[in-house]
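Numbering (the working numbering), first residue to last: 3 to 460.
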Amino acid sequence: MSDRQVSVEKKMPSNLLHLIPDWRGDETLYSWSARMHRLLGGPTKETGQRLFGALHAYKEWAASSRLDHLKSVTDGLLGSSRSILLNRTVLAAYYPFLRAEQRQEFDDRAANAQRTPWLTRFGMRASALDGSEVRWCRYCVEEDVRMWGASRWRVSHQMPGAWWCVEHDIPLNRLKPQRAEWSVPNGSEPIPDVLLNIDERQVLRILSALTASLIGRERIDLVFMKRALLSRLRDIGVVTSMKPVSPEGLQQWFTKTYLAKAIQLFESELQPVLDGPWIYETLLKRRSNHPLLWMMLWVSAFQGSSQQEMVRGFHEPDATLIWQEDGQGMLWVEENFQGDDRVQAIVRNAETIRDAALQLNVSIATVRRYMREAQCSPRLVHAEDRRQIRKNEALAQIESLIQANPDVSKSEIHRKCKGAVSWLSKWEPELLASLMTQIPEVRERQLELEMSNYTQGV
């Protein structure tokens with residue numbers, strides 16, 4: 003595919019680029035910008051100013067925070083901001099793991115091309131789990147030079163955990179962008195030399211394929227993923243039906259896996275993170291964890307499966323759940339887990355536990371154990387329903403006030419919706435904070451007052 007050149011009429015805005023090349027395959031936004039830098043021919047900072055309205059734009063190699071300016075100078079010909087973020091940057095790995103309200107805020111900001119520090123806004127990055135480097139495969143670069151006449155940074159190579167070229171089965175080269183320049187991958191660099199056996203190379207290849215499969219994905223079902231992982235760990239004897247689960251036991255199991263051994267040799271910077279109780283926290287804590295931890299746990303738990311099975315199971319975790327030989331469903335789940343919708347509906351509507359057992363085709367003892375461990379008894383189900391109703395009422399009250407009074411201030415919301423704000427601050431603080439971000443720090447009436455004071459002073 004050759005570059006698509008776009009002619010610009012004289013009536014167009016003066017800042018519009020006169021040459022807008024098309025994307026080259028799955029290249030990153032940074033890769034496209036580096037090509038533009040060579041086409042524009044100016045200094046590094048001048049390119050950043052023209053493309054993103056910021057002299058330091060070359061530093062944002064992972065995801066630019068100024069897509070509003072890029073959209074303006076390209077007239078939107080590169081696609082929507084959301085499409086660029088989720089298909090041309092590492093955000094593709096983080097977006098599917100966001101909570102529903104976070105995804106909605108992400109979509110709203112992307113739709114408006116709102117300037118946003120994407121990697122920190124939603125808590126996507128996590129210290130050592132996100133290396134400050136760009137990666138490439140020497141043979142991929144050679145192919146790109148033959149096809150395009152120049153090298154490119156591929157999105158699949160920049161994703162967290164993508165340390166291996168799946169296509170050529172070799173480790174990726176690495177570069178830490180530290181100089182003030184728009185870098186391009188160097189095809190003359192030697193292939194990194196690592197001492198890994200066949201099994202360790204295989205798990206790194208599967209991990210890289212798994213992270214690449216996140217590009218373009220909308221959502222990962224963490225509820226079913228936890229269930230599938232716990233069922234698998236029980237299958238292979240790492241955990242039992244009895245509680246509590248031992249964090250130390252989980253860590254001891256992981257250290258014996260091929261992936262743990264490969265990381266010790268190949269990615270030793272992650273070792274301090276992996277020495278902690280990360281498996282226990284990932285499975286049994288009600289929190290959103292880093293995508294790389296989920297993928298590493300999945301690859302280790304299903305060690306021995308093929309790459310295709312591993313990737314498919316990760317995106318369809320409910321398909322991995324099986325039934326015990328004695329006919330009892332694998333209903334064992336983590337503490338405080340509310341159960342899946344089907345079981346909850348049966349528990350809620352069944353007149354007796356016997357009725358629920360007949361509908362689920364399991365024994366009464368199994369249903370009792372599930373209700374106790376999954377905490378989905380009718381009383382708790384109704385409590386959850388009441389909480390959801392209260393949440394909806396609080397949201398409706400605040401949103402109604404904002405809609406009826408576009409210039410309402412945060413203090414007025416706290417005063418007029420005191421009950422709703424109080425409830426959300428206790429039970430849904432992040433949601434409340436998200437609502438409040440819709441209101442600018444300075445409202446129109448405040449600006450008018452300031453202008454009035456200024457005029458009187460003059």
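Quick reminder that beta carbons are idealized off the backbone N, C-alpha and C, glycines included.
The model shown is predicted, which means the values in this text are computed figures rather than measured ones.
Taking C-alpha atoms, which residue in His170, Gln309 and Ile348 lies nearest to Gln361? Ile348
Out of Ser153, Arg111 and Arg26, which one is the CA nearest neighbour of Trp184? Ser153
Leu100: first and last residue of the uninterrupted alpha helix (DSSP H) it sits in: It is not in any alpha helix (DSSP H) - Leu100 carries neither H nor E in the DSSP assignment.
Leu79 beta carbon less than 8 Å from that of Ile22: yes
Run through the DSSP bridge pairs and tell me what Glu29 is partnered with. Arg156
Taking the CB atoms as reference points, tell me whether Pro162 and Pro274 lie closer together than 8 Å. no
Residue(s) in a DSSP beta bridge with Cys142: Answer is none; Cys142 lacks a bridge partner.
Taking the beta strand (DSSP E) that Arg221 falls in, what are its first and last residues? Taken as a continuous stretch (DSSP letters only), Arg221 belongs to no beta strand (DSSP E), as it is neither H nor E.
Indicate the three-state DSSP secondary structure (helix, strand or coil) for Pro293 in the structure shown. helix
Can you say whether Ile265 is buried or exposed, counting buried as having 16 or more other CB atoms within 10 angstroms of its CB? buried
Reference Pro199, options Phe268, Leu397, Leu212 and Trp296, closest by Cα: Note that residue 199 corresponds to Asn in the displayed sequence, not to Pro. Selected option, being the one with the closest Cα: Phe268.
Quick one: residues in its chain with C-beta nearer than 7 Å to the C-beta of Leu299, no 5 flanking neighbours on either side, listed in chain order? Leu231, Ile281 and Thr284
Which two residues bound the contiguous beta strand (DSSP E) that contains Asn175? Asn175 to Leu177
At the level of alpha carbons, what is the spacing between Gly50 and Leu31? 13 Å
State whether the stretch 94-101 contacts the stretch 212-220, with contact taken as three or more CB pairs (one from each stretch) at a distance under 8 Å. yes
Pull up the DSSP beta-bridge partners for Cys167, would you. Ile172
On a CA-only basis, which of His71, Leu87, His58 and Ala56 is nearest Asp28? Give me that one, please. Leu87
Give the DSSP bridge partners of Val136, in chain order. Leu177
Please work out which residues of its chain come closer than 7 Å, Cβ to Cβ, to Leu235, disregarding the five sequence neighbours upstream and downstream, and give them in chain order. Val241 and Ala303
Contacting residues, own chain, Cβ-Cβ under 7 Å from Asp195 (five flanking each side not counted): none
Near Leu19, which residues of its chain fall below 7 Å by C-beta distance, leaving aside the five closest residues on each side in sequence? Val75 and Thr76
Could you tell me how far apart the beta carbons of Pro187 and Trp138 are, in whole angstroms, since I believe they sit closer than 8 Å? 4 Å
Between Gln390, His170, Thr354 and Asn407, which has its C-alpha nearest Glu430's C-alpha? Gln390
Could you tell me the alpha carbon to alpha carbon distance between Phe108 and Ala64, rounded to whole angstroms? 17 Å
Could you spell out the range, first to last residue, of the alpha helix (DSSP H) harbouring Glu430? Note, Glu430: premise wrong, no alpha helix (DSSP H); not H, not E.
Endpoints, alpha helix (DSSP H) assigned at Val247: Careful: Val247 lies outside any alpha helix (DSSP H) and carries neither H nor E.
Are the CB atoms of Val313 and Ala211 nearer to each other than 8 Å? yes
State buried or exposed for Asn363, treating a residue as buried only when at least 16 other CB atoms are found within 10 Å of its CB. exposed
The alpha helix (DSSP H) enclosing Arg52, as first and last residue numbers: Thr46 to Phe54
Quick one: measure Cβ to Cβ for Ala358 and Ala367, integer angstroms, because I've assumed they're closer than 8 Å. Actually they are not in contact, since the Cβ atoms of Ala358 and Ala367 sit about 12 Å apart, beyond 8 Å.
Close beta carbons around Pro249, own chain, < 6 Å, minus the five adjacent residues each side: Pro279 and Tyr282
Give the straight-line distance between the Cα atoms of Gly43 and Glu145, rounded to the nearest whole angstrom. 25 Å
Write down the C-beta distance between Leu53 and Leu41 rounded to the nearest angstrom, noting that I regard them as a contact closer than 8 Å. Not quite, the Cβ-Cβ distance comes to about 11 Å (not below 8 Å), so this is no contact.
Thinking C-beta only, is Val147 closer than 8 Å to Arg207? no
Exposed or buried, Gly239, counting other C-beta atoms within 10 Å across all chains shown (16 or more means buried)? exposed
Can you tell which of Gln405, Leu403, Leu437 and Leu100 has the C-alpha that lies nearest to the C-alpha of Trp120? Leu100
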